[in-house]
Structures are given as C-alpha cells and as structure tokens.
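Chains as they are written, first to last, in our numbering: chain A, 7 to 560; chain B, 222 to 547.
Glycine included, C-beta positions come from ideal geometry on N, C-alpha and C.
Quick caveat, the model's predicted, so the values are computed rather than measured.
Taking it in order: structure first as structure tokens, then the write-up.
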Amino acid sequence: METRRLVLVLTGIAVVLIVVIGGLSLALLAGGEDSGGSGGGNQQPDGSPLPERLEGELRLFGPDPITLDPACAADAGSAEYIVEIFSGLVSFDRDLKLVPDVASSWDVSDDGKTYTFHLRPNVLFHDRSRRVTAGDFKFSMERSLDPDTQSTVGDVYLDDIAGAREFADGKADEVSGIKVIDEDTLELDISQPSSVFVEKLSYPTAYVVDRNEVKGSTCFEGGNWTLKPNGTGPFRLKEWVLGQRLELEPNSQYYLDPKPALSRVTYVLSGGSPLVMYENDEIDITGVGINDIESVRDPNNPLNKEYSETPSLDVFYIGFNAQQAPFDDPKVRQALNMAVDRDFLANDLLAELVLPANGVLPPGMPGYNEGLDGLPFDPDRARQLLDEAGGPEILTDVKLLASGQGASPSQVLEAVVAMWQDNLGVTVTVEQEDFGLFLRDIDQGTFQIFSLGWVADYPDPQNFLDIKFHSQSGNNETKYASSRVDSLLDQARTEKDEQKRLDLYRQAEETIVQDSPWIPLYHGKASVLTKPYVKGYFIPPFVINNLRYVSITE
Amino acid sequence: MQGLASYITGRLLLAPVVLLVISFATFALGRYAPGDYVEIQAGTRARPETIERIRHERGLDDPVYEQYGRYAWRALHGDFGESKRYRGVAVEDVIFPRLWVTVQYNAIALILTFGIGIPIGTWAATKRGTWLDPLAIGTFLLFASVPVVVSVPALQWLFAVKLGWLPTSGWRVHEFFGVELGIFSRQIILPMLILTLPGVAGVARYMRGQVLEVLDQDYVRTARAKGLRGDVVVSRHVVRNALLPIATILGFELAGLLAGSIFVETLLGIPGIGLYAFESIGSRDYDSIMAIVLMGSAAFIAANLLVDIAYGFIDPRIRLPGAVRP
Numbered sequence: 007m008e009t010r011r012l013v014l015v016l017t018g019i020a021v022v023l024i025v026v027i028g029g030l031s032l033a034l035l036a037g038g039e040d041s042g043g044s045g046g047g048n049q050q051p052d053g054s055p056l057p058e059r060l061e062g063e064l065r066l067f068g069p070d071p072i073t074l075d076p077a078c079a080a081d082a083g084s085a086e087y088i089v090e091i092f093s094g095l096v097s098f099d100r101d102l103k104l105v106p107d108v109a110s111s112w113d114v115s116d117d118g119k120t121y122t123f124h125l126r127p128n129v130l131f132h133d134r135s136r137r138v139t140a141g142d143f144k145f146s147m148e149r150s151l152d153p154d155t156q157s158t159v160g161d162v163y164l165d166d167i168a169g170a171r172e173f174a175d176g177k178a179d180e181v182s183g184i185k186v187i188d189e190d191t192l193e194l195d196i197s198q199p200s201s202v203f204v205e206k207l208s209y210p211t212a213y214v215v216d217r218n219e220v221k222g223s224t225c226f227e228g229g230n231w232t233l234k235p236n237g238t239g240p241f242r243l244k245e246w247v248l249g250q251r252l253e254l255e256p257n258s259q260y261y262l263d264p265k266p267a268l269s270r271v272t273y274v275l276s277g278g279s280p281l282v283m284y285e286n287d288e289i290d291i292t293g294v295g296i297n298d299i300e301s302v303r304d305p306n307n308p309l310n311k312e313y314s315e316t317p318s319l320d321v322f323y324i325g326f327n328a329q330q331a332p333f334d335d336p337k338v339r340q341a342l343n344m345a346v347d348r349d350f351l352a353n354d355l356l357a358e359l360v361l362p363a364n365g366v367l368p369p370g371m372p373g374y375n376e377g378l379d380g381l382p383f384d385p386d387r388a389r390q391l392l393d394e395a396g397g398p399e400i401l402t403d404v405k406l407l408a409s410g411q412g413a414s415p416s417q418v419l420e421a422v423v424a425m426w427q428d429n430l431g432v433t434v435t436v437e438q439e440d441f442g443l444f445l446r447d448i449d450q451g452t453f454q455i456f457s458l459g460w461v462a463d464y465p466d467p468q469n470f471l472d473i474k475f476h477s478q479s480g481n482n483e484t485k486y487a488s489s490r491v492d493s494l495l496d497q498a499r500t501e502k503d504e505q506k507r508l509d510l511y512r513q514a515e516e517t518i519v520q521d522s523p524w525i526p527l528y529h530g531k532a533s534v535l536t537k538p539y540v541k542g543y544f545i546p547p548f549v550i551n552n553l554r555y556v557s558i559t560e
Numbered sequence: 222m223q224g225l226a227s228y229i230t231g232r233l234l235l236a237p238v239v240l241l242v243i244s245f246a247t248f249a250l251g252r253y254a255p256g257d258y259v260e261i262q263a264g265t266r267a268r269p270e271t272i273e274r275i276r277h278e279r280g281l282d283d284p285v286y287e288q289y290g291r292y293a294w295r296a297l298h299g300d301f302g303e304s305k306r307y308r309g310v311a312v313e314d315v316i317f318p319r320l321w322v323t324v325q326y327n328a329i330a331l332i333l334t335f336g337i338g339i340p341i342g343t344w345a346a347t348k349r350g351t352w353l354d355p356l357a358i359g360t361f362l363l364f365a366s367v368p369v370v371v372s373v374p375a376l377q378w379l380f381a382v383k384l385g386w387l388p389t390s391g392w393r394v395h396e397f398f399g400v401e402l403g404i405f406s407r408q409i410i411l412p413m414l415i416l417t418l419p420g421v422a423g424v425a426r427y428m429r430g431q432v433l434e435v436l437d438q439d440y441v442r443t444a445r446a447k448g449l450r451g452d453v454v455v456s457r458h459v460v461r462n463a464l465l466p467i468a469t470i471l472g473f474e475l476a477g478l479l480a481g482s483i484f485v486e487t488l489l490g491i492p493g494i495g496l497y498a499f500e501s502i503g504s505r506d507y508d509s510i511m512a513i514v515l516m517g518s519a520a521f522i523a524a525n526l527l528v529d530i531a532y533g534f535i536d537p538r539i540r541l542p543g544a545v546r547p
C-alpha cells in the first residue's frame, strides 16, 4: 500500500518534470530561430505577450501610470498617458503654442479677470454617449478642487479661480468663479489678473471627465473606472493589463487636426532593458542612458543614425536653507556656488547628456537669458568670499540632503562634494534619505543643503521663478526672501505686455542667481533612439499630447 | 486517526493567531517608517497644507493601534483596501494576476529543485569515500553561496550578451486553453537557473545525510546480506525511507523561493508579486504590503500544515501519537 502510493507520487513528479523540461527545450528550439535576427524589421518575436503587431502600430516602453484620473495626477509619468486619453479647454501644440482644444476660442474681459470659453459643439466622449458641455467642465474642475476628492494637486493649478480656495477648504458648496452660461459657454472668473491662468488650464486637473463614470471615486478609492476610462482625447484606452501592457487606439471622432494616424499604441510595461528591447524591434523608441551613450554616439554604430537629443524644460540644482546660519549669508552661498565646476559636471562627468546651467531658466523657455553669466567657476574668488564670511570653520559638520537609496550617492553629488573639499577645504557629507522622509524634511525646512530637480508644467518663466523664489510661495523650499525679487515677480504676474513681462522675469532671475539660494547645476536633455519607420515623433520638453503627430511608414 | 485530527485542529486554530501577530507587526513597521503614500505621491508640487489635510482625512495621523483596528475590521469583512501604486484599484485586482505569475515559476522551481536535488543527494551518498561525492555536493554549494545580485548579472552576461542564447529579462506568456502561461518561454530559463541551482544544494545535502543514515541501518545490511542487488537496495529500501524527512524541508524551501522572488523579479523585470512587493514598500503602499505579507504568511502556514499532514500519511508512526514508537 505504502509502496504504491510512493511510486505514484514519484511517477507524478517524473511526468511533470518531463513535461516541463520538454516544454522548455521546445520553447528554446522554437525561440532559437529569431534570437540571431536583431535586424528582423517588424517581425514578431516568438512568444511575445503582445498581440500581433498591427500595421501602423507604435510600440513604446513605459512604466505603469500611478493614476489615470486627471484630477489626481501629480507626476509627469501619469500625465503622459492622461494627456493622450483626456483633454481640456486648452492645450499646447507641437510648437509649444497655447491653442484652444475642447474650447474653440476664448475672450478676456478688459479688467483681465473674466475669461469666456466657447466650446466646440462636436466633442464627444469616447463611448459616443453624449457631447461635452460647459456643465461637464464645471463638474470636472470642481471635482479636482473638492476636498473629498483628496487630490494633492487640484488646488495647485486651479487656485486662481474666484472662490476656488473657499471651495477647496470646504467653506463653499460650489466654486463661485466657474459659471455655466449655456451648454456651449463657460465663464471663469479669477480673483486677480494673471498672465499664466490659461496656461495652467492645460494641466490634467482642468480636464473633462465623464460624471457618470467617476461618480464618488476619490484619488485613493474607487479607482477601478480608470482601467477603462471614458475620455475625450485623441486616443482611447483599449486595454490596460497592470504591469504588462497598456494599449491605446485612435479616437475616430477626434476634433482637432492632425487626427491620430497610428492604428494602435502599445506601451510595454515590463521586462528588462529598454535598449535591448529596442534592438530586438520589440519597441520603437527608447531613451539612452549614460552607460550606452558613448557607443550610440559612435558614428560607426548603426544605431547612431537613429539617435537624437532634445533639451527638456527642467533644471537640477542644489538648494540652501537661506533662513539658517551660515547659509543665510549670501557670501557663504556664493562661495559654495563658485567652487562648483558645472562645465565639468555636464560635459565630462555626465558625458554631455545634460547642459550646464548658468541660471534657473532652461534654454527653450520664454525669457531664457542666453547672455546670463551666472556665478562663474572661480575657486580663488570663492575662497576669498568664504574667508570674508568667517572662513571654512563656519562650515563644519555640514550635510547635503538627497533622496535616494543605496550605498553611494549620485556621481554628481559626489563630484560636487569633492569640489568643495578641494577648492574650499570644506567637508560636506551627503545624507541619502528615502523619498518620503526627504520630502518631509524639505517641507519642514529641517535641512542645510539639499539637491532636487524641477520640471516645467507649462512654458512660462512664472512656473520656475515665481513658484520657487517668491517668498510667499509654498514651493519655495529654500525660504529665500528678497523684497526686490518679490516685487519684480508681483509686477510680472499682472503685466500684460509680453516683452515687459519677460524683462521683469529676466531681472528677477539675475538677482536670484547673484543671491545664490540655489546652485543651478544642469538642464536635462532627452536622448533617444527612434526607429527610422517612425515619422513625426518628437520628445516634448514638458508633457503634451504628441502621439497624434506620429505615423508609421514602411 | 484521532491523534492526527486533533493535531490538525490545533494547528488550524493557531494559524489565525500567527497571522494576527504577523499582520500587526507588519502594519506597525510600515506606519513607523518615515513618510507615507500621500506625501510621497504628492511630490514637490503640492501645498503642504493640502497634504496635511489629506493625511488627516485618511487617518494617517491617528495612533497606529487605531489605524490597525480599522484595517483589521475592514480586512475581516473582506475589504483589503486599494493599491496606491495603482491608485484606487482594489488590492486583489492588482495582486492576483501578479501572484499567478510568481506561483507559476516558483512551482516549477520547486519541482526542479527537488527533482534534481534528491537524485544528486542519493547518488553522492552512494559514492561516499570517493572524490565524486564532494565534487557533486561542492559544485551545488558553490551555486548556493553566490548571492542573487551577483549571479543574475553574471548569467545575463553569459547567456544573453556573450552567447546570445537567451533574452536578458522579461516575461512572455503563451495562451493554453484560455490560460496565460509564462513557463513555456525562453524568458523563464534564467529565473529557473537562478532559483533552482542554489536550492539544489540544500536538498541534495539533506538527502545525502538521510541516505547515509539509512545505509547504516540493520535492515539495509540484511537486504544486502540476502543478496539483493545494490541498486535495488538503494531504490527500494534506502530512498523510500530517506525521503520521509525530506518532506519537512519542503515548506522552508517554499519560503526561501518566495523571498528570492523579490530579487529575481526586480533584477529580471518579471511582473510578479515580488516586484510589486518591492514597489509597494518604496511607495508606502500599506494596503498592498499588508495583503502580500498576509497572503505569503498564510501560504507558508498552509504549506507547513500540508507537509505535516502528508508526513502523517507517509509515516504511520506519526499518524498515531499513542502508538508504539521505535
């Protein structure tokens, strides 16, 4: 009896083993055919989890979005998907010009406080159940601001609207400044004239959602509708298999030109190295990292012809706690600033993957000041400034706070710390913190020096200078306060003449750079490989819907 | 059989207590870790007041035992909360597809580990005293002593870059009768090597020890003396008896494999539960962490219980604790 049972078990194991090993070797044999062919054109790799490639399909690599709810998107990774699936009153086109979107046009009152948007009559939700009306926009914007929605960014982009603050604080039943005039007309009143109000409406929190589907969902609960959202954007979400793939298909009733030309967009959400997948024709576009950049730049490499770079609208910087000794003394900040060789960081250490930053604003941003000198790399002057401020002794036991995990901090920070050591004789230790703790320390001001980056939401200097350096801004982590800069920024907020406005920002930036609450380090670039059959693709310097400009040609 | 029944009942009654302790410990650890999901996902753009308000509304500033009480109450009602990595999506909708991935390749790894380890161990034992025994065991011990973070890049380099036989990473599924299986693909081979080779050493060494012990038993000597052929003695008398204790390490092997999944999935880009556990911890996705830990613990308890029960069936001496023990 016992023997028989044991024999049975062992036989069972043997059978399973044979099946498995057999299956594995079969798979290996079958897979062997395409393993050599990295130049196999559009050929389907064996055993791909992806459905057969359609003609005119674009394949991209991307991590899963954190959320597809426009009211909740606080990260660029989520926004990239949302801008393709949803849409709002206005958006930026591929020339980064602000254009009407669901709205066909808008008027501004003489006092600059009332905006009237005229909606297109032909914008339908993806399920074709009904058209988008002004009431849908009022619902969607109020949902973003509603404290019950628990969006961390709802009030960041919409707080110019009159009554938005009261509503977001739970003190009003509706936002008084959002008025539905009729089905086609939406009026937005703002509390004071603003040069960037309409630009801020291009952010997802102002996008329209289907009220029948979002119902009582918040940013943290009831989000199952985002697995099949009913949007209005150029593409509709066909399927999202969490962690594996996300498929978009063109919205055939899309209302702007150009209309989407791709037959399908598949985001591959898992699986190893994007560069290897690109070389195996599994994805059509990939970023290139520092480890591969040398070989891709080599003109003899066949990949070289598919390589391109575009500057991004961002800045990476080191910030000082400008309210705390010794960093409340501008000389200390300037000394540390002038001891850093940005050209070395950008061109040698990071192999020209980035551009050295002389100021705060990145190239490509309106108001970018090409002639801005910034604080030059000058170790002698730096030492002199530090001596005037009290000498290297005042900088003992200094910590630079960075977010990150792992044994050693980023190469860039290591290099900066080494430059301070060599040029000033100052020892600074890098302290790495998990992102959660890091953000808390930055918010509470419990730091001496920190490093961080900032990416544009819209191409306007206000998005960098006002938000980061106005003494009253919630995002001014350094707590830098300059009455001159504040007054320039205040004037720029309401200045209607574009040239004068940019000039005010230019003056503000010059003062900021001299006062040195930041050491701007570098501006990023998107370094990508694009298959030759992909036409019209471009990496926007900030998040805009760009897939409708893309097509596949043979 | 009564002894076994009460034994099983006792273990079953203990299981919820174990789960309770584990769940509270995990919960408290998670909450005391700095930062929370609202802060982390809000990033640098949100107003601090808004973050504070949402944390308060979501009860993240309540005492940990209160938060745990709320969690336990919801969990007992079958509501395991929402993922924060996939905002607002029910935890079970995120976890089960990923669990399926992990279970598939771990099941195969488990079968391979024992399927290779048992014959190797037996063979090594019969070669005791020759150079073959230490060679076989030593080879597998070598695999066991190399950390995954070293072996993964090394194997990737060898098989994918140098030889070009295998893809570097990823997960490919084929559909069989409507079921998506990922175990019949070239992508599965690297994780199999990485999970199986180190495990084989443990099983083989254990098996070798058992076989050596049994080889010294009187009945084996008797069987030999009666003129039975050596291979018959080993297969019929030795292996059968040596196999019994092997069942006990099954549970531990399983736990080891699941722990290894976190590394393997992270390094090889397999969309399984281990990778998700890693992401969840980074984003303070409390509900997901809890669900994964509870599920893992329950699986571990269940596996050990099953092993105990199976043991009772295989070895009659254990079935009746009151019966004669040699």
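Item, Value
"Residue 66(A) and residue 290(A) closer than 8 Å at C-beta", "yes"
"First through last residue of the beta strand (DSSP E) which encompasses residue 106(A)", "104-106"
"Cutoff 8 Å: residue 451(B) Cβ touching any chain A Cβ", "no"
"Cβ neighbours of residue 189(A) in the same chain (closer than 7 Å, five flanking residues each side left out)", "139 and 140"
"Straight-line Cα distance separating residue 90(A) from residue 551(A)", "5 Å"
"Neighbourhood of residue 536(A) by C-beta distance below 6 Å, restricted to the same chain and skipping five residues each side", "291, 312 and 543"
"Own chain, CB closer than 7 Å to residue 45(A), minus 5 neighbours either side, in chain order", "Only weak support exists for where residue 45(A) lies, its pLDDT of 34 falling under 50; the coordinates are left without a value."
"Nearest candidate by alpha-carbon position, reference residue 261(B), set 301(A), 198(A), 132(A) and 409(A)", "409(A)"
"Bridge-paired residues (DSSP) for residue 403(B)", "Bridge partners of residue 403(B): none, in fact."
"Local Cβ density within 10 Å of residue 601(A), reported as buried at 16 or more and exposed below that", "With chain A represented from 7 up to 560, any question about residue 601(A) goes unanswered, as that position is not in the structure."
"Selection of the stretch 384-397 of chain B by Cβ proximity to chain A, strictly under 9 Å", "385, 386, 387, 388, 389, 390, 391, 392, 393, 394 and 395"
"Partner residues on chain B for residue 520(A), Cβ-Cβ distance less than 9 Å", "The premise fails here: residue 520(A) is roughly 25 Å from chain B at the closest Cβ pair, so nothing lies under 9 Å."
"Best match in 75(A), 273(A) and 383(A) for proximity to residue 362(A) [C-alpha to C-alpha]", "383(A)"
"Alpha-carbon spacing of residue 525(B) relative to residue 235(B), whole angstroms", "13 Å"
"Distance between residue 457(A) and residue 439(A) (C-alpha atoms, nearest Å)", "11 Å"
"Residue 244(B), DSSP secondary structure in three states", "helix"
"Residue 259(B) beta carbon less than 8 Å from that of residue 243(B)", "no"
"Residues near residue 502(B) by beta carbon distance below 7 Å, same chain, minus five either side", "510"
"Contact set for residue 487(B): own chain, Cβ-Cβ below 8 Å, skip 5 residues either direction", "495, 496 and 499"
"Residue 320(B) versus residue 421(A) - alpha carbon distance", "43 Å"
"For residue 416(A), the three-state DSSP class (helix, strand or coil)", "coil"
"Check: residue 153(A) C-beta below 7 Å from any heavy atom of the ligand SAM", "Within the structure as shown, the ligand SAM is missing, as the structure has no ligands at all."
"Residue 182(B) at chain A interface by Cβ criterion, 8 Å", "Residue 182(B) lies beyond the stretch modelled for chain B, which goes from 222 to 547, so this question has no answer here."
"Nonlocal neighbours in the same chain, by C-beta distance under 6 Å from residue 285(B), ignoring five residues either side", "249 and 252"
"Integer Cβ distance of residue 251(A) from residue 284(A), believed to fall under 8 Å", "At roughly 16 Å, the Cβ-Cβ gap does not stay under 8 Å, so residue 251(A) and residue 284(A) are not in contact."
"Minimum Cβ-Cβ distance from residue 226(A) to chain B less than 8 Å", "yes"
"Chain A residues whose Cβ lies nearer than 7 Å to that of residue 492(B)", "249, 250 and 276"
"Local conformation of residue 195(A) per DSSP, three classes", "strand"
"Three-pair Cβ contact test at 8 Å for the stretch 369-382 of chain B versus the stretch 453-472 of chain B", "no"
"Residues near residue 460(A) in its chain [Cβ-Cβ closer than 7 Å; skip 5 each side]", "320, 321, 470 and 474"
"Collapsed DSSP secondary structure at residue 458(B) in the structure displayed", "helix"
"Proximity below 8 Å, CB of residue 323(A) to CB of residue 194(A)", "no"
"N- and C-terminal bounds of the alpha helix (DSSP H) containing residue 513(A)", "504-521"
"Residue 240(B) and residue 479(B) closer than 8 Å at C-beta", "no"
"C-beta neighbour in chain B for residue 545(A), strict 8 Å", "no"
"Any C-beta of chain A under 8 Å from that of residue 307(B)", "yes"
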